[in-house]
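>
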Amino acid sequence: MEKFDIVIVGAGPAGATAANILAKAGLQVVVIERGQTPGSKNVSGGLIFSRIFHEIYPNFWEEAPVERAIRGHGIVFLGEGSSTTLDFRSEKASISPYNAFSVLRAKFDPWLAKKAEEAGAMVITGYTVDELLLENGKVCGVRAGEDELLADIVIVAEGTRSQLLKDAGLRDDFHAKDVSLGVKEIIKISEEIINERFQCKSGEGMAYTTVGNTGGAAGGGFLYTNKDTLSLGVVVKIESLYKSGKQPHEILDEFKNHPSIERMVSGGEVVEYSAQTVHRGGFHLIPQLYGNGYLVAGSAASLLLNNVMTLRGMDLAVASAAAAAQAVIAAKEKNDFSAESLSTYGQFFQATSVYKDIETFKDTYSLMDNTNLFNTYPNLICSVLEDMFSVKTTPGSKVFQSLKNNMVDDISYLDLVKTFYQVGKGIVL
Amino acid sequence: MSTEKTLTLDARLGLDKYEIDDQNSHIKVDHDTCQACENRPCLTVCPAEVYRWVDSQVTVRYENCLECGTCQIACDSGGAGAITWHPPQGGFGIVFRYG
Numbered sequence: 000m001e002k003f004d005i006v007i008v009g010a011g012p013a014g015a016t017a018a019n020i021l022a023k024a025g026l027q028v029v030v031i032e033r034g035q036t037p038g039s040k041n042v043s044g045g046l047i048f049s050r051i052f053h054e055i056y057p058n059f060w061e062e063a064p065v066e067r068a069i070r071g072h073g074i075v076f077l078g079e080g081s082s083t084t085l086d087f088r089s090e091k092a093s094i095s096p097y098n099a100f101s102v103l104r105a106k107f108d109p110w111l112a113k114k115a116e117e118a119g120a121m122v123i124t125g126y127t128v129d130e131l132l133l134e135n136g137k138v139c140g141v142r143a144g145e146d147e148l149l150a151d152i153v154i155v156a157e158g159t160r161s162q163l164l165k166d167a168g169l170r171d172d173f174h175a176k177d178v179s180l181g182v183k184e185i186i187k188i189s190e191e192i193i194n195e196r197f198q199c200k201s202g203e204g205m206a207y208t209t210v211g212n213t214g215g216a217a218g219g220g221f222l223y224t225n226k227d228t229l230s231l232g233v234v235v236k237i238e239s240l241y242k243s244g245k246q247p248h249e250i251l252d253e254f255k256n257h258p259s260i261e262r263m264v265s266g267g268e269v270v271e272y273s274a275q276t277v278h279r280g281g282f283h284l285i286p287q288l289y290g291n292g293y294l295v296a297g298s299a300a301s302l303l304l305n306n307v308m309t310l311r312g313m314d315l316a317v318a319s320a321a322a323a324a325q326a327v328i329a330a331k332e333k334n335d336f337s338a339e340s341l342s343t344y345g346q347f348f349q350a351t352s353v354y355k356d357i358e359t360f361k362d363t364y365s366l367m368d369n370t371n372l373f374n375t376y377p378n379l380i381c382s383v384l385e386d387m388f389s390v391k392t393t394p395g396s397k398v399f400q401s402l403k404n405n406m407v408d409d410i411s412y413l414d415l416v417k418t419f420y421q422v423g424k425g426i427v428l
Numbered sequence: 000m001s002t003e004k005t006l007t008l009d010a011r012l013g014l015d016k017y018e019i020d021d022q023n024s025h026i027k028v029d030h031d032t033c034q035a036c037e038n039r040p041c042l043t044v045c046p047a048e049v050y051r052w053v054d055s056q057v058t059v060r061y062e063n064c065l066e067c068g069t070c071q072i073a074c075d076s077g078g079a080g081a082i083t084w085h086p087p088q089g090g091f092g093i094v095f096r097y098g
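Chains A and B are the protein sequences, given in the same order.
Counting along the first sequence from 1, when you hit position 2 you're at 1 in numbering that gives the first Met the number 0, and nothing is skipped either side.
Counting along the second sequence from 1, when you hit position 3 you're at 2 in numbering that gives the first Met the number 0, and nothing is skipped either side.
#1: May I have the straight-line CA-CA distance separating A:T359 from A:I51, to the nearest angstrom?
#2: Can you tell me whether DSSP reads A:M263 as helix, strand or coil?
#3: According to DSSP, simplified to helix, strand and coil, what is A:K236?
#4: Taking only beta carbons into account, state which residues of the stretch 18 to 33 of chain A come closer than 8 angstroms to chain B, listed in chain order.
#5: What residue ranges within the stretch 51 to 104 of chain A form continuous beta strand (DSSP E) runs of no fewer than 3 residues, ordered along the chain?
#6: Thinking just about the alpha-carbon of each residue, which of A:M313, A:M308, A:N306, A:N305 is nearest to the one in A:A299?
#7: Is A:E238 close to chain B, meaning its C-beta is less than 8 angstroms from at least one C-beta of that chain?
#8: Classify A:Q27 as helix, strand or coil using the three-state DSSP reduction.
#9: Of all the residues that make up the stretch 34 to 48 of chain B, which are near chain A by a beta-carbon distance shorter than 8 angstroms?
#10: Rounded to the nearest angstrom, what separates A:I192 and A:R67 at their Cα positions?
#11: Taking only beta-carbon atoms, is B:Y17 less than 8 angstroms away from chain A?
#12: In the DSSP assignment, find the unbroken beta strand (DSSP E) run with A:E130 in it and report its ends.
#13: What's the gap between the Cα of B:D75 and the Cα of B:R60?
#14: Can you name the residues of chain B whose CB is closer than 9 angstroms to the CB of A:G246?
#15: How many whole angstroms separate the CB atoms of A:Y354 and A:A323, which I take to be in contact at a CB cut-off of 8 angstroms?
#16: Residues of the stretch 161 to 181 of chain A in Cβ contact with chain B at a cutoff of 7 angstroms, in chain order, please.
#17: On the three-state DSSP scale, how would you describe B:R11?
#18: Can a CB atom of chain A be found closer than 8 angstroms to the CB of B:R60?
#19: To which residues of the same chain is B:T2 closer than 8 angstroms at the C-beta, ignoring the five residues directly before and after it?
#20: Check the Cβ of A:Y272 against every Cβ in chain B and list those closer than 7 angstroms, keeping chain order.
#21: Just to confirm, is the Cβ distance from A:T213 to A:F254 under 8 angstroms?
#22: CA-CA distance, A:C199 and B:H25?
#23: For B:G77, which residues of its own chain have a beta-carbon under 7 angstroms away from its beta-carbon, when the five flanking residues on both sides are left out?
#24: Taking the alpha-carbon of B:Q71 as reference, which of B:G90, B:Q56, B:G98, B:V49 has the nearest alpha-carbon?
#25: Report the rounded CA-to-CA distance for A:V235 versus A:A206, giving the unit in angstroms.
#26: Please confirm whether B:G98 and A:N41 have their CB atoms less than 8 angstroms apart.
#27: Run the CB neighbour count on A:R33, radius 10 Å, all protein chains shown included, and call it buried at 16 or more, exposed below.
#28: Pull the bridge partners of A:A143 from the DSSP assignment, please.
#29: When the Cα of A:V269 is compared with those of A:G297, A:Q287, A:F336, A:S189, which residue comes out closest?
#30: With DSSP as the reference, label A:G125 as helix, strand or coil.
#31: Could you tell me if A:T370 is buried or exposed, where buried requires 16 or more neighbouring beta carbons within 10 angstroms of its beta carbon?
#32: So, for A:V182: in the same chain, excluding its five sequence neighbours on each side, which residues have a beta-carbon less than 7 angstroms away from its beta-carbon?
#33: Using 10 angstroms around the beta-carbon of A:D449, count the other beta-carbons present and answer buried if the total reaches 16, otherwise exposed.
#34: May I ask whether a heavy atom of the ligand ZN can be found less than 7 angstroms away from the beta carbon of B:S76?
#35: With 9 angstroms as the C-beta to C-beta threshold (strictly closer), list the residues of the stretch 127 to 145 of chain A near chain B in chain order.
#36: Could you pull out every unbroken beta strand (DSSP E) segment of at least 3 residues lying fully inside the stretch 12 to 82 of chain B, listed in chain order?
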């Protein structure tokens, strides 16, 4: 039976990054990826926020297959037949080191895996790891089909489903209120049309996040510009989805047929339909990241940060992987692979900006429980603006009266105050 | 490929690339447990409509699975816990070309 220093499950951003750092440190690393090629099982929105990647992969945009540098972010409130957009654009975001890039995982992940290989890691593709091997309560390797691979340490970077940890009884069950389903279409459209429609030069693009018009389910939508495709999708809480009684593709259709979205994607050709579970994330939901003989990084550890403005997953994956790698190197020096020895992972991770950001935005968790956010408020905002921009033959009113008229039946002043408080606590103060 | 305003689900799935394992399903359903389920969230939440209710029991079109993992969470959390989902064997299943 083969024995390695480190076996890593999954060649996504977390797995490939841990492999890269550990191979550079001179350790013998093997990464096992179930896709025939890295990225072929992966779906993201997908935006990569650059700066944390840049620390590990300096100037990655010069060689990595990124789509567009995101120079503008829009937050869109979708009402019935109307929409309101907060449209932010920044020149700073379109110059080095940039803020974010749109990426397509099937193209981007092979590059990450290649970097890990160049660093000296072995990447094996097309093998599904079936279980973690345990000996005296310590993870000592993995089984893939009939092959067993032993290792001092296993890094679990298998993505959102976190199946191996579930099967081994090493994590709690996920709750349907804490995990969302994202469904997505890739829409082919020419580079020139994207440039014109989104007022961007080649190489730069826009990222829109939307609320409202998700069939009453709690969640939102997104539209990101790639080089010559658009990534369009909705992300809804699983619990809310089955309570809504609507199927995911029906919600996607409803979203896509909203006139404001329809105009952004019109003339495009759908070339792929995909789906992925997305953790809700949350400070109190960060699990135990290590145990005897193993560490968990990236989405397998439910790491996600949604603070309304940004939805971050991949940079959390690489930051946690880098912290995990540091802990592995320290454990290897001591030749001690116990949970206690690997607990430095927790300390290294807590020292990252990522961890501090998750803590800073810990109150967005309860904000997202406010179901009015996903339907009532987007409609209300649009209705009030409809009143304000419309001239009628009957006397009009000021904002407050319009708000009062439009609030009827839906929400009370108390709801409004509660929401202001939650928004304030979540993202303002 | 399609320029239709709204695609049917089957048309969408038809755009995707799969390596189908025609010997083994990666999804197992315990039908006795499943019968006791009142909510049957799997019939709603699956983005590929893998689960359908046919002749008083659930059928599994595993070959259409997009491997998101939603069914497992919905079944455990809001159903009877009858579904056991594992990734398909190496190289099989969905192959995203964009992702």
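The C-beta atom is built at its ideal place from N, Cα and C for all residues, glycine as well.
The relevant details are as follows:
#1: 18 angstroms
#2: helix
#3: strand
#4: R33
#5: 67 to 77, 82 to 88, 99 to 101
#6: A:M313
#7: yes
#8: coil
#9: N38, P40, T43, V44, C45, P46, A47, E48
#10: 14 angstroms
#11: no
#12: 130 to 134
#13: 19 angstroms
#14: For the record, residue 246 of chain A in the displayed sequence is Gln; it is not Gly. The answer, in chain order, is L8, L42, T43, V44, C45, P46, E48.
#15: Not a contact, Cβ separation roughly 13 angstroms.
#16: Q162, D172, F173, H174, A175, V178, L180
#17: helix
#18: no
#19: Residue placement at B:T2 is poorly supported in this model, since its pLDDT is 48, which falls under 50; the coordinates still yield a value, given next. If we look at B:T2 and ignore the five residues flanking it on each side, it has no Cβ neighbours.
#20: R11, L12, L14, D15
#21: yes
#22: 44 angstroms
#23: N38, P40
#24: B:V49
#25: 18 angstroms
#26: yes
#27: buried
#28: A:D146
#29: A:S189
#30: coil
#31: exposed
#32: G232, V233, P247, H248, L251, A274
#33: The displayed coordinates of chain A run from 0 to 428. Any statement about residue 449 of chain A would go beyond what the structure contains.
#34: Judged by which ligands are present, the structure shown has none, so any question about the ligand ZN falls away.
#35: T127, V128, D129, A143, G144
#36: 16 to 18, 26 to 28, 50 to 53, 56 to 59
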